[in-house]
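Each residue of the sequence shown is one higher than the one before, starting from 121 at the first, in the numbering used here. Heads up: the structure comes next, in structure tokens.
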Amino acid sequence: MGGCSLEGTKANWPRGILQARCGIIVRSALFLELRCEALKIMAQSSAGSRLIPLNMRFAIFGDIHANLEALEAVLADARSFDVTHFACLGDVVGYNANPSECVELVRQLGCPVVKGNHDEQASEDTDLSTFNSLAAKAIQWTRDNLSEVDKQWLRDLKFSRIVRDFTVTHATLDTPAAWGYVLSALEAAASFNYQNTQVCFYGHTHVPVGYVKNGVMVEEIDASHVAIETGKKYFLNVGSVGQPRDGDPRASYAIYSPSEKVVVWRRVEYPIERVQQKIRDAGLPERLALRLGMGK
Ligand code: ZN
């Protein structure tokens, strides 16, 4: 890396990025090496991507589900990596006990937000008889604990949006209002047909994972870190802030740098017991408290 003009600067990236860009693991000086590599890639990149400010860094997060402690932990973690912007993938409410507080905190960020199915259910007056009794009880509790202003804000959210050089959606891009689940390369392929940006972030399954389209091939990739390569498209699930379901109870989100063309997934600890106690105090179903501890 000799000769890199960024030598000696503090890049402050998670260590996964170095592996993504260089394919090697070096414990010391990893941030410096990342920056050097990113500089080389930027020099080769198209004129369009050079228009994106070098220091722009997004925290992409969603499926908060009224878990205030997890949301606060994620925002603090993101800020520790010099994140400059945020984008929210929806399901701000539902399941946990702080819906209004989470709406307020996300609204204060002033960032792009898309609508999730729980945001839709909580802000409408639809009949709940088709839901199982646990789900119906949790939805009704959320409706009872949101103000009309909160509900209107949730109602006004769009299903998908383009933000700078990427897209955000809660469930799918092919039929976003149908709330289908993308759990396979085949299901990701349907969304790729409607993806007009190189990268799209989504949520809904609460399981972090990525899909890459190269020509007609779509394949699954690990949700740890990915270097965005020219000619390929990426459909990336950032996992869930407030109710992870991949067996890891820590809050999940991702950091994306448009100029460095890198996405890194992050897992963040938060005080789960405090959230479980709030669920019990609110009279919400016990299963909602238990699943947080298991990450299921
Ligand atoms: Zn969700």
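Backbone N, C-alpha and C define an ideal beta-carbon position, used for all residues, glycine too.
Any 3 or more C-beta pairs closer than 8 Å across the stretch 223–235 and the stretch 372–388:
no
Can you name the start and end residues of the beta strand (DSSP E) that leucine 209 belongs to?
Per DSSP, leucine 209 belongs to no beta strand (DSSP E) and is neither H nor E.
Would you list the residues whose beta-carbon is nearer than 5 Å to any heavy atom of the ligand ZN, in the order they occur in the chain?
Asp183, Asp211
Methionine 414, enclosing alpha helix (DSSP H) - first and last residue:
406–414
In this structure, does DSSP put histidine 345 in helix, strand or coil?
strand
Measure from the alpha carbon of phenylalanine 321 to the alpha carbon of each residue in Asn252, Asp247, Asp285, then state which is nearest.
Asp285
Nearest CA to the CA of histidine 185: which residue from Pro296, Ala309, His290?
His290
Leaving out the 5 sequence neighbours to the left and right, which residues in its chain are closer than 8 Å to leucine 274 when beta-carbon positions are compared?
Val212, Val213, Val223, Lys235, Asp239, Glu240, Ala242, Ser243, Leu266
Beta-carbon proximity check, isoleucine 392 vs glutamate 189, cutoff 9 Å:
yes
In three-state DSSP terms, what is histidine 385?
In the sequence on display, residue 385 carries tryptophan and not histidine. If DSSP states are grouped into helix, strand and coil, tryptophan 385 belongs with the strands.
Using CA atoms only, rank isn't needed, just tell me which of Tyr314, Gln315, Ile180, Asn216 is closest to valine 203.
Ile180
Where leucine 356 and arginine 394 are concerned, what is the direct C-alpha to C-alpha distance, given to the nearest angstrom?
30 Å
For valine 223, does the three-state DSSP call read helix, strand or coil?
helix
Report all residues from its chain with a CB closer than 7 Å to the CB of lysine 278; omit the five preceding and five following residues, and keep chain order.
Val234, Lys235
Compare the Cα-Cα distances from asparagine 218 to each of Leu404, Gly413, Lys416 and report the closest residue.
Leu404
Helix, strand or coil at phenylalanine 181 [DSSP, three-state]
strand
Would the stretch 359–375 count as touching the stretch 322–336 if we require 3 or more Cβ pairs under 8 Å?
yes
If we count the other Cβ atoms within 10 Å of its Cβ and call it buried at 16 or more, is glutamine 228 buried or exposed?
exposed
When you compare each of Asp276, Val288, Ser220 to threonine 262 by their alpha carbons, which one comes out closest?
Ser220
Would you mind reading off the limits of the beta strand (DSSP E) that contains leucine 356?
352–357
Residue-level contact to chain D via CB, threonine 325, 9 Å cutoff:
Note that chain D does not occur in the displayed structure, where there is just one protein chain.
Note down, in chain order, each residue of its chain lying with its Cβ closer than 8 Å to the Cβ of leucine 225, except the 5 sequence neighbours on either side.
Leu188, Leu191, Glu192, Leu195
Of the residues Lys416, Asn252, Ala374, Asn316, the one placed nearest isoleucine 282, counting alpha carbons only:
Asn316
Given a cut-off of 9 Å on the beta-carbon distance, is the pair tyrosine 373 and glycine 182 in contact?
yes
Is it the case that the Cβ atoms of lysine 353 and valine 332 are separated by a distance below 9 Å?
yes
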